[in-house]
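Please read the structure below before turning to the comments.
Protein chains in written order, with the numbering used here: chain A, 151 to 409; chain B, 151 to 409; chain C, 151 to 409; chain D, 151 to 409.
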């Protein structure tokens, strides 16, 4: 039986000073959760204020989107932080956006790690990397344990966070090919990103209604448990895709709602 | 009649990454309020965590010390911000340190603008500059109106903040010469900084017990109302001065206590 | 008699990391001098490399475009630097782009201060500000006195640089209204920017062929001596204007050539 | 037979703005090559100017010391750069210090990668990391192929650079324990750093005069070829060690001279 609702989350507030990025005003009308940059990899206090307000006005869930302190690399280059550095960096960024939210009469309700920090936290290729997932969980626990974390579906990070007593939403990617072990096919490989809107919506419906993913090699992951779908908003094409996904889901009676 | 108590405030947490600055561990045992850098002109998340914890352990009042985003200039170079930019920048920095404090079971209770931002906010040389004092007040009002502001004694900024319904503590400088209008003698002029410990403590006692300041030109400002004395902690000499000031005050039965 | 040639200069290379700004590829085909951001207010090493190469391929003169270290403010917010800080900051930025140019078999030939640094250097409202114009001149003199400076037409800065034995090109603005003293009408006043392409080209032809400017108040500045016209490239509209200006000049037989 | 001369190199110019680090004035009188920070991991234009001038006055060889753009981490945290990003970043930093040097009538003669960038360039743990050593070599080749590179003794990076036609000096560490394969014993292991001055000078003399290293496990690396010894200058202790090393070498008739 089909699930009655799903969350759509997107990375927003990625402009900086004079630099405008993304179609935030548009995409905000289609999603239910916004991951808002906190000034380290993108965003600045004025942009954050604008974006949090936009989310509030659209009834979209406000999320902190902490990233590595690397504006030039847009937070997409791994930076070898200690657990202590990562934990404090996350606390700092959560606090900054919480204050912005408070100043607007709004509230932060979730946290999602950005870019390379997200990958390093969740694609644990070796035991040693767990320190970042733990740091992120500790940061949330210390600042406000009612904040919900978003993590890759089935990842060790989600497990770590739940073991800490935190709430974690499991995320799937609408337009990315999967390996049979639940990891994403590397962007360097052909077919890693699915561009055709019909295929994307077909996959999304499989994921949400039939709880299965058809993998890159034709095999299937079954009985998946996804709480939120990650969509993009930084290009015209990605914005179009969000509209298609939303329309496709609603057509099947699935409500777009915060996890 | 002598006032029974006074606050001593100092700028702390000004280290950054590998760079160590100040005698925070020592000075924290002599003061009652710490203005802690928030990562824009000095400080980083790890340093903030360390310093807030140090304040907590010493029972020292924790203050946000927002500054211009200018690490190279240590926040001492004026940067022409709009009121909107200044307001959001302050909200961001307050939030960051509030989260650090919360993660340590502590709480931020005051806000003091740093360096050039402090001067630009309070030494209003023309009508047009009021926008920064207003921005600072608005930031506090929107984030948490129970936060107390520290401002130069008798400054227009203090007036502005009180008109907004905010609480403002008036600050005097132990080792600086005053002009008859209550402004500080420019550091460029001879005699602007008082170095002799005996003279400093004599002046402090006049200010606190007799509520008067003997100005640079020999004239007096009477019936002053000071809530807190600014002391420094970045050199060995300044640390020695803090000890002398505290001892001198306590000898006269004046308690060092948060404003 | 009409002058046979004029230079067109534009600010380019203002992208940063993931952030794309401007129509550099297009505008580069219409101008003769490019002022390329050096990583302080905009630009990064990869963007600089790309832009310098683009200039080289289009036979456009390569210029260093040093600005204040303020990416968030895009170098448009005044920062109170000492002369020493300004001089070293300019030397650093010139060196960085010289090395990029050298690595591409190209050469930097001019220097133009960006944004607020440009204004602070050239719109000397008081004696005290001359230190920035002097700092800029000293930087050029020490690094390579054969580098040409671009300065506001008739400004004190141009005079200062020439007194230092440096070569300075005088710059006019195609789309800005002038005051009778040769300064620009403040952007805050109505009519400060001229938007109609026909009016802009009419004014440009007056400036270049008749050596006069019709001011905001109807009066005229005569016998002007302009070496280069500043054009913009950050919006579609400004790009269109560049095309109109170039076409209008060429139609009158005026060659677009480096100063 | 003992070698008649050796170079002593040290990382200098690591102060930043208000932050003072190291004993540059002292150590500059004992060494023959200074690796000067270029503003990315440490240093700023004013500090660079001061330090380059100090090197010039002491007749010390001036080196660019490019690092990752990570002031908070002091360039000691690996940042996953592409080869293109690394190459341009190095060109930029070399150019910046070349201009500073030129403005002082001095010249940059060598390049040494800093901190994590140095390790990532030279401790190639997998094939894939070669891109950084290649990027560094390419940067030097494109900017000025007469610049000499400093690399870990016997490292793959030295080989790569020489294959490019560049000159590379091989570096040994006075106070670090070695593994039999010529790599350094990890700082995490006991005995990795040698603190006793007598032991350090004994080892240095073995390395320079007898061309051998006694490894951590008692085995020996023979017939080594070292051009320069890396010494430190950021603590009082390290400064003392530099004096001891210099005195010990000179006592044996070995001249301290640029490689």
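Beta carbons are placed, not taken as given, at the ideal position from N, Cα and C, and that holds for glycine. Predicted, not measured: the structure shown is a model, and the values here were computed from it.
Check	Outcome
Near-chain A residues of the region 216-233 of chain C (beta-carbon distance less than 7 Å), N- to C-terminal order	221, 222, 223, 224
Simplified DSSP state of residue 115(B), which is helix, strand or coil	Because chain B here runs from 151 to 409, residue 115(B) falls outside it and cannot be looked at.
Length of the line joining the Cα atoms of residue 261(B) and residue 185(B)	7 Å
Neighbouring residues, chain C, relative to residue 246(D) (Cβ below 7 Å)	242, 245, 246
From 344(C), 390(C), 401(C), 303(C), residue whose alpha carbon lies closest to that of residue 379(C)	303(C)
Segments assigned beta strand (DSSP E), at least 3 residues, entirely inside the region 178-252 of chain C	183-187, 211-215
Cutoff 8 Å: residue 169(D) Cβ touching any chain B Cβ	yes
Which of helix, strand or coil DSSP assigns to residue 313(D)	helix
Other residues of its chain near residue 280(B): CB distance less than 8 Å, five sequence neighbours each side excluded	274, 306, 310
Close-in-space but distant-in-sequence residues of the same chain around residue 349(A) (CB under 7 Å, 5 per side omitted)	none
Continuous beta strand (DSSP E) stretch holding residue 413(C): start and end	This structure cannot speak to residue 413(C), because chain C is shown only from 151 to 409.
The region 168-178 of chain B contacting the region 359-374 of chain B, beta-carbon criterion three pairs below 8 Å	no
Straight-line Cα distance separating residue 166(D) from residue 377(B)	35 Å
Chain C contacts made by the region 175-202 of chain A, where a contact means CB separation under 8 Å	192, 194
Interface partners of residue 253(C) on chain D, CB under 8 Å	241, 289, 292, 293
Among 297(B), 324(B), 333(B), the one whose alpha carbon lies nearest that of residue 318(B)	297(B)
Delimiting residues of the beta strand (DSSP E) encompassing residue 301(B)	298-302
Same chain only: Cβ atoms within 8 Å of residue 198(D), ignoring 5 sequence neighbours per side	163, 186, 187, 188, 189, 246, 247, 250
is_contact[residue 285(A), chain B] using C-beta, thresh 8 Å	no
Enclosing beta strand (DSSP E) for residue 319(C) [first to last residue]	318-323
Residue 249(D) at chain C interface by Cβ criterion, 8 Å	yes
Limits of the unbroken alpha helix (DSSP H) element including residue 281(D)	280-293
Residue range of the alpha helix (DSSP H) that includes residue 270(A)	265-272
Proximity test, Cβ basis, 8 Å: residue 166(D) and chain B	yes
C-beta atoms of residue 263(C) and residue 216(C) nearer than 8 Å	yes
Contact under 8 Å by Cβ, residue 266(B) with residue 227(B)	yes
Residue environment, residue 157(B), which counts as buried when at least 16 other CB atoms sit within 10 Å	buried
Residue 260(A): first and last residue of the uninterrupted beta strand (DSSP E) it sits in	258-261
Cβ neighbour criterion (16 or more within 10 Å) applied to residue 408(B)	buried
Residue 414(B) - containing beta strand (DSSP E), residue span	Outside the displayed range of chain B (151 to 409) lies residue 414(B), so it cannot be described from this structure.
Test item: CB-CB of residue 375(A) and residue 320(A) under 8 Å	yes
8 Å Cβ shell around residue 155(A) - same chain, five flanking residues per side excluded	404, 405, 406, 407
Nearest-angstrom beta carbon gap, residue 290(C) and residue 316(C) [assumed within contact, 8 Å]	6 Å
Proximal residues to residue 351(B) (C-beta, below 7 Å), its chain only, five neighbours per side dropped	394, 395, 398
Whole-angstrom distance between residue 342(B) and residue 389(D), CA atom to CA atom	37 Å
Cβ-Cβ separation, residue 244(C) to residue 392(C) (assumed contact under 8 Å), whole Å	Actually they are not in contact, since the Cβ atoms of residue 392(C) and residue 244(C) sit about 26 Å apart, beyond 8 Å.
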